[in-house]
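Below you'll find the structure, written out as structure tokens, and then a few comments.
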Amino acid sequence: MSTDLTERALSAYAPSAEFAAQANAQASLYQEAEEDREAFWAKQARRLHWHTPFSEVLDWSEAPVAKWFADGKLNVAYNCVDRHVEAGHGDQVAIHWEGEPGDSRALTYSDLLAEVSKAANYLTELGLQPGDRVAIYMPMIPEAIVAMLACARLGLTHSVVFAGFSSSALRSRIDDASAKLVITTDGQFRRGKPAPLKASVDEAIGGETPAPSVEHVLVVRRTGQDTPWQEGRDVWWHETVEQASDQHEAQAFDAEHPLFLLYTSGTTGKPKGIVHTSGGYLTQTSYTHDAVFDHKPGKDVYWCTADIGWVTGHSYIVYGPLSNRATQVVYEGTPNSPNEHRHFEVIEKYGVTIYYTAPTLIRTFMKWGREIPDAHDLSTLRLLGTVGEPINPEAWRWYHEVFGHGRCPIVDTWWQTETGAIMISPLPGVTEAKPGSAMAPLPGISVQIVDDEAHAVERGATEANGYLVVDKPWPSMLRGIWGDMQRFKDTYWSRFAEQGYYFAGDGAKFDEDGAIWVLGRVDDVMNISGHRISTAEVESALVGHDAVAEAAVIGASDETTGQAIVAFVILRKGVENTGDELVSSMRAAVAKDIGHIAKPRDIYVVPELPKTRSGKIMRRLLRDVAEGRELGDTSTLVDPAVVESLRQK
Ligand code: ATP
Ligand code: MG
Numbered sequence: 021m022s023t024d025l026t027e028r029a030l031s032a033y034a035p036s037a038e039f040a041a042q043a044n045a046q047a048s049l050y051q052e053a054e055e056d057r058e059a060f061w062a063k064q065a066r067r068l069h070w071h072t073p074f075s076e077v078l079d080w081s082e083a084p085v086a087k088w089f090a091d092g093k094l095n096v097a098y099n100c101v102d103r104h105v106e107a108g109h110g111d112q113v114a115i116h117w118e119g120e121p122g123d124s125r126a127l128t129y130s131d132l133l134a135e136v137s138k139a140a141n142y143l144t145e146l147g148l149q150p151g152d153r154v155a156i157y158m159p160m161i162p163e164a165i166v167a168m169l170a171c172a173r174l175g176l177t178h179s180v181v182f183a184g185f186s187s188s189a190l191r192s193r194i195d196d197a198s199a200k201l202v203i204t205t206d207g208q209f210r211r212g213k214p215a216p217l218k219a220s221v222d223e224a225i226g227g228e229t230p231a232p233s234v235e236h237v238l239v240v241r242r243t244g245q246d247t248p249w250q251e252g253r254d255v256w257w258h259e260t261v262e263q264a265s266d267q268h269e270a271q272a273f274d275a276e277h278p279l280f281l282l283y284t285s286g287t288t289g290k291p292k293g294i295v296h297t298s299g300g301y302l303t304q305t306s307y308t309h310d311a312v313f314d315h316k317p318g319k320d321v322y323w324c325t326a327d328i329g330w331v332t333g334h335s336y337i338v339y340g341p342l343s344n345r346a347t348q349v350v351y352e353g354t355p356n357s358p359n360e361h362r363h364f365e366v367i368e369k370y371g372v373t374i375y376y377t378a379p380t381l382i383r384t385f386m387k388w389g390r391e392i393p394d395a396h397d398l399s400t401l402r403l404l405g406t407v408g409e410p411i412n413p414e415a416w417r418w419y420h421e422v423f424g425h426g427r428c429p430i431v432d433t434w435w436q437t438e439t440g441a442i443m444i445s446p447l448p449g450v451t452e453a454k455p456g457s458a459m460a461p462l463p464g465i466s467v468q469i470v471d472d473e474a475h476a477v478e479r480g481a482t483e484a485n486g487y488l489v490v491d492k493p494w495p496s497m498l499r500g501i502w503g504d505m506q507r508f509k510d511t512y513w514s515r516f517a518e519q520g521y522y523f524a525g526d527g528a529k530f531d532e533d534g535a536i537w538v539l540g541r542v543d544d545v546m547n548i549s550g551h552r553i554s555t556a557e558v559e560s561a562l563v564g565h566d567a568v569a570e571a572a573v574i575g576a577s578d579e580t581t582g583q584a585i586v587a588f589v590i591l592r593k594g595v596e597n598t599g600d601e602l603v604s605s606m607r608a609a610v611a612k613d614i615g616h617i618a619k620p621r622d623i624y625v626v627p628e629l630p631k632t633r634s635g636k637i638m639r640r641l642l643r644d645v646a647e648g649r650e651l652g653d654t655s656t657l658v659d660p661a662v663v664e665s666l667r668q669k
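Rendered as structure tokens:
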């Protein structure tokens, strides 16, 4: 059963002496960054290749728009590909690609260089100029990564749109960015079946009001299905890119040249087109991939299970790992195609050593049962990571034991689309990690937890009374919201304008040891009879109950208490729903863990929860359901039918 807060705070997991001794990042890194932050970041930036070295590190004179390494010039794709080939590693596998239907391909760094060069040559032939925007709407196939790198190589700004999004979501993102080119595929495999994708592009940009900015659609053949075609506008990748020359010389761009736009996942509202630039972004993604994942080029086999449609895919599939000469697994499909063994088979097949995923998937694996991972040899794993939501301590311990056999450090990494790279995380060879806590800001990063008046909150406070803020600029920070600098200022910089803090929108607290607990979004914090209670803590208490695989908690308005806690729970596989008896034991678990005040008024056992396509629970929709309101923006929801079925409750 669940443990109480004190016990939870005490049970820290220290890295083994063996792991600590070989770790890339040692404790001295904190001290080094503390002594001279800018010198520290300059040193990290010099891990990259600069065509023109920078002389200035940070220019914060136009805050909140930072300039990092502003007079330096580099080519991001050259850093991710060419330099490894030039250093003699052309034959090293960059990507072990695993298709959903069971096909696979290996691309070495030399192969990647040839592919990226061909694509760069053809995009140049199409007349694209540095700074032009390109929308990428593709499943997880190597060409998607090639397309991103070709854009980076030419100074084109990519905007990757998750291939699970609807045509209307694609259209609004194409229009917002005025994209000239859309790169897509004929179709994609989803749960064993080919589904059309190019047809969605046509629906998005064609019809009665064609998207004015789009000149061409470049189509990779993936499924071979029949595909609608518009002569003159549409071109096949295999007839153009694949025929182009594989020789291409990369030009250098300013460190502040825009690299990409990416829309946030829309958990709290309308998605924002976050702008990232080149030098600072690559510096921090590269450094964090090295320090947090302890990655050893040429030795590790790394697997990040995200999709390139999310920032995690940008920073920890494409730019971070490739800049560090990783050999990585890229998997096209869902974790249960053709069955629930798929991820574990992939780990076995490639001997994966570093595995990075989201709490939602860990909870799904828990729901499926440990017999599945137990049927596989996972002994190659040496480090595990999570991102996307707070991880419930129970899920952390399950991950540690069932995946890591108690042997692998877990890095719980807090960051956002806006931060570009990891900000808060254990250092795997240094930090004694507490399940459920992201622990401490990385060397070079400075955060605070403050109250409404911007005063630092007291350590050890049990209430969710703090706002997480970043009080010093960092290299991979967002440079704006595309086309809406006012929203950029209002959203992130107005809350603590006087102090100049970046407002992350998440609640957090320090425990008595100074470890950071992210408590969920500020909008989700509940107020029960004047007590501020975090959704994350109540959810973790529920997940600590043997019967519960997943839980979502919200505050619904209540006449007596202001707000009342309402919980939606999914049971673990094989658990029988005994109704009132089961629900009472769940309420008791919360009372034991947190206190009577946190006991949910209502607990509903449900088959599914509304999630964004990146797997995050959309609590705002559950609030709408609980209070009988019209639903807010559902454009980034996986399955709108889930909310409808909850309404029947
Ligand atoms: P939107 O901003 O459109 O509402 P989003 O915030 O879900 O969408 P992302 O940038 O993908 O979009 O997610 C960042 C958020 O995810 C963080 O602000 C935080 O709430 C949550 N998060 C990410 N990693 C962690 C973590 N390790 N621990 C706790 N929360 C995390
Ligand atoms: Mg956000």
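FYI, my numbering numbers position 413 of the sequence shown as 433, with every residue one higher than the one before it.
C-beta atoms are modelled at their ideal positions from N, C-alpha and C, and glycine is treated no differently.
This one's a predicted model, so the numbers in the text were calculated from it and none came from an experiment.
Please report the straight-line C-alpha distance between ASP394 and LEU666, rounded to a whole angstrom.
Taking the straight line from one Cα to the other gives about 34 Å.
Hey, which unbroken runs of the alpha helix (DSSP H) at 4 residues or more fall wholly within the stretch 285–367?
For the stretch 285–367, whole alpha helix (DSSP H) runs of length 4 or above, ordered along the chain, are 299–312 and 340–343.
For ASN344 and GLN112, the rounded distance between their alpha carbons
Approximately 12 Å between the Cα atoms of the pair.
For the alpha helix (DSSP H) containing PRO162, name the first residue and the last one.
Its alpha helix (DSSP H) spans residues 162–174.
Count the other CB atoms within 10 Å of the CB of PRO358; is the residue buried (16 or more) or exposed (fewer)?
That one is exposed.
Considering PHE39, what are the terminal residues of the alpha helix (DSSP H) in which it resides?
For PHE39, the enclosing alpha helix (DSSP H) begins and ends at 37–42.
Is there contact between the stretch 438–458 and the stretch 304–317, where contact requires at least three CB pairs shorter than 8 Å?
Touching, yes.
Go ahead and label GLN519 buried or exposed: buried means 16 or more other beta carbons lie within 10 angstroms of its beta carbon, across all protein chains shown.
Answer is exposed; the Cβ neighbour count stays below 16.
Under 7 Å Cβ to Cβ from GLU672, same chain only, skipping five residues before and after it: list those, please.
Beyond the ends of the chain as shown, which are 21 and 669, falls residue 672; an answer cannot be given.
Give a yes or no on whether the C-beta atoms belonging to PRO461 and VAL470 are separated by under 7 Å.
No.
Whether TRP117 touches PRO159 by CB criterion (7 Å)
Not closer than 7 Å, so no.
Pair every Cβ in the stretch 256–266 with every Cβ in the stretch 57–68, then say whether three or more of these pairs are closer than 8 Å.
Because the criterion of three Cβ pairs below 8 Å is not met, the stretch 256–266 and the stretch 57–68 do not touch.
Alpha-carbon spacing of ASP504 relative to PHE182, whole angstroms:
Note on geometry: alpha-carbon atoms of ASP504 and PHE182 lie some 22 Å from one another.
Would you decide whether HIS425 is buried or exposed? Buried here means 16 or more other CB atoms lie within 10 Å of its CB.
Counting Cβ neighbours within 10 Å, HIS425 comes out exposed, since fewer than 16 surround it.
Can you find the residues in the same chain that come closer than 7 Å, C-beta to C-beta, to GLY184, ignoring five residues on each side of it along the sequence?
Residues ARG633 of the same chain have their beta carbon placed closer than 7 Å to that of GLY184, with the five preceding and five following residues left out of the count.
I need the DSSP call for ASP578, collapsed to helix, strand or coil.
In the three-state reduction of the DSSP assignment, ASP578 falls in the strand class.
Quick check: what's the CA-CA separation for ARG253 versus ALA215?
Distance between the alpha carbons of ARG253 and ALA215 is about 22 Å.
Quick check: what's the CA-CA separation for ILE590 versus HIS71?
About 53 Å.
If you reduce the DSSP assignment to three classes, tell me which class GLU559 lands in.
Looking at GLU559 - three-state DSSP - the assignment turns out to be helix.
Could you round the C-beta distance between ALA164 and ILE194 to whole angstroms and report it? I think they count as a contact, below 8 Å.
Separation of the CB atoms of ALA164 and ILE194 is rounded to 17 Å, and the pair is thereby denied contact status at 8 Å.
Secondary structure, alpha helix (DSSP H): runs of 4+ residues fully inside the stretch 218–289
Entirely contained in the stretch 218–289, the alpha helix (DSSP H) runs reaching 4 residues are, in chain order, 218–225 and 257–260.
Thinking C-alpha only, which one of ASP91, THR128, SER186 and LEU133 is nearest ALA167?
Residue LEU133 holds the alpha-carbon nearest to the alpha-carbon of ALA167 among ASP91, THR128, SER186 and LEU133.
Buried or exposed (CB count within 10 angstroms, at least 16 for buried), GLY464
Under this definition GLY464 is a buried residue.
Which residue comes first and which comes last in the beta strand (DSSP E) that contains THR380?
Segment 379–388 is the alpha helix (DSSP H) holding THR380; no beta strand (DSSP E) there.
Got a sec: does the ligand MG put a non-hydrogen atom nearer than 6 Å to the Cβ of THR284?
Yes.
For VAL467: DSSP bridge partner residues
DSSP output for VAL467 lists VAL490 as bridge partner(s).
Under three-state DSSP, which class holds ARG28?
Bear in mind that the predicted position of ARG28 carries a pLDDT of just 46, short of 50, making it unreliable; the figure below should be weighed with that in mind. Helix at ARG28.
Taking C-beta to C-beta, are HIS655 and ALA189 nearer than 7 Å?
The sequence as given places Ser at residue 655; His does not occur at that position. Contact: yes.
Per DSSP, what are the beta-bridge partners of LEU657 in this structure?
The partner list for LEU657 (beta bridge, DSSP) reads THR632.
Whole-Å CB distance - ASP206 paired with THR247, under 8 Å assumed:
Right, their Cβ atoms sit about 4 Å apart.
Could you check whether MET497 and ALA53 sit closer than 7 Å to each other, using their CB atoms as the reference points?
Cβ atoms of ALA53 and MET497: not closer than 7 Å.
Residue from VAL255, ASP531, VAL366 and PHE508 with nearest C-alpha to GLU145
Of the listed residues, the one whose Cα sits closest to GLU145 is VAL255.
On the criterion of 16 or more Cβ atoms from any shown chain inside 10 Å, does PRO455 qualify as buried, or is it exposed?
With 16 or more other CB atoms across the displayed protein chains lying within 10 angstroms of its CB, PRO455 is buried.
Give me the Cα-Cα distance between VAL350 and SER285, rounded to the nearest whole angstrom.
About 21 Å.
Tell me which residues share the same chain as GLU570 and place their Cβ nearer than 6 Å to its Cβ, disregarding the 5 neighbours each side in the sequence.
ARG383 and ILE590, listed in sequence order.
Cβ shell of HIS104 (< 6 Å), same chain only, five flanking positions each side left out
The residues TYR129 and ARG345, in chain order, have a CB closer than 6 Å to that of HIS104 in the same chain once the five nearest residues on each side in sequence are set aside.
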